[in-house]
Amino acid sequence: MRRIVALSGGIGGARFLRGLRRAAPEADITVIGNTGDDIHLFGLKVCPDLDTVMYTLGGGIHEEQGWGRAGETFAVKEELAAYGVGPEWFGLGDRDFATHIVRTQMLAAGYPLSAVTEALCRRWEPGVRLLPMTDDRVETHVLTDDGDGGRKAIHFQEYWVRLRAEVPAHAIVPVGAEQAKPAPGVLEAIGAADVVLFPPSNPVVSIGTILAVPGMREAIADAGVPVVGLSPVIGGAPVRGMADKVLAAVGVEPTAAAVARHYGSGLLDGWLVDTVDADAVGAVEEDGIRCRAVPLLMTDLDATTEMARAALALAGEVVNP
Ligand code: FO1
């Protein structure tokens, strides 16, 4: 498996990619990053899922948080608050601000997000090719209750960070997705891939948003290569995020088998579930998706490396049954 394409979003996706890079050191890995989490703050464009991959693979990530920079300070954030300029609930550190300033400056000069991301990665050298899913603006919004019996849409980050996903989400809407086009290089990478991987990212707001870009799902389904995913849900609960809240919004129960079915056998050829969900293997295989139960807790680099090896092995079995 020389040419690997992996969709990615969130903290789980980036952590998995670190293991994948070590499991397949000779491979060319292209990461298609979710940009639906992007948010415009203080006149700057922030790309959380691209930055989390870039920092995690580039050695700059705040390891415990899984987002933002290590060794951060927050002088700018404190000064903004002193001016009464919000929002205060999104923790942007001084080092992280530099990334958003460079990105916004380059976008204003007319460079597309894909070129900006390539430029930022020249500093971080993540060891993979990081492509945004699209150069067009897509921002995920969440339909919640407005308190007066009606509904209102709020930005995903407000739902996720300020409200900690503690209010009901009635719909998840990747605003702008219908008009978006895959970024340059994305369809070519999928077409040239030997395998496509769905890391244990949020199946709705990360992987789902990437698949919502017109042409993306078809390109992957029609690539004629194994598509193997890893369940982000272990034992009926999402490992890290609050994915069960957004899964409910799209009517998917938080189980490893339900997530596989949500992606569908038209897309997935193989699915890894955790050993605690070994009883789900039969159901997934009945859905026409090859399934194996392996440890999926991303406790450390050894664990994520083993997960990546298991995913590539399953891809090999799908090709040569
Ligand atoms: N997540 C939080 O829970 N709290 C924060 O204050 C926060 C700030 C933040 C700043 C930059 C960035 O790139 C990510 C940040 N995140 C924060 C994480 C972010 O909400 C998530 O990583 C993704 O959007 C979901 O995958």
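Okay, so the sequence shown: first residue is 784 according to the working numbering, each after it adds one.
Glycine included, C-beta positions come from ideal geometry on N, C-alpha and C.
- Counting only residues of its own chain and dropping the five nearest sequence neighbours on each side, Leu1080 has a CB closer than 8 Å to the CB of Ile1017, Val1022, Asp1057 and Ala1086.
- With a cutoff of 8 Å on beta-carbon distance, Leu980 and Ala1094 are scored as near each other.
- At least one heavy atom of the ligand FO1 sits closer than 7 Å to the Cβ of Ile794.
- For the pair Ala975 and His924, the Cα-to-Cα distance works out to about 33 Å.
- Under DSSP, Ala936 shares a beta bridge with Leu926.
- As summarised for the segment 991-1043, the continuous alpha helix (DSSP H) elements at least 4 residues long and confined to that stretch are 999-1004 and 1026-1032, given in chain order.
- Annotation: the continuous alpha helix (DSSP H) that includes Lys860 extends over Ala858 to Ala865.
- In summary, Pro808 is exposed, with fewer than 16 beta-carbon neighbours lying within 10 Å of its beta-carbon over all protein chains present.
- In the DSSP secondary-structure assignment, Ala954 is bridged to Leu926.
- Per DSSP, Phe825 lies in no beta strand (DSSP E) and is assigned neither H nor E.
- Boundaries of the beta strand (DSSP E) harbouring Thr813: Asp811 to Gly816, taken from the DSSP string.
- Taken through DSSP and simplified to helix, strand or coil, Ala948 comes out as coil.
- Straight through space, the alpha carbons of Ala1032 and Ala948 are spaced by roughly 11 Å.
- Just so you know, the alpha carbons of Ala1043 and Glu1068 end up roughly 10 Å apart.
- Going by beta carbons, Ala1098 and Met784 fall inside the 8 Å limit.
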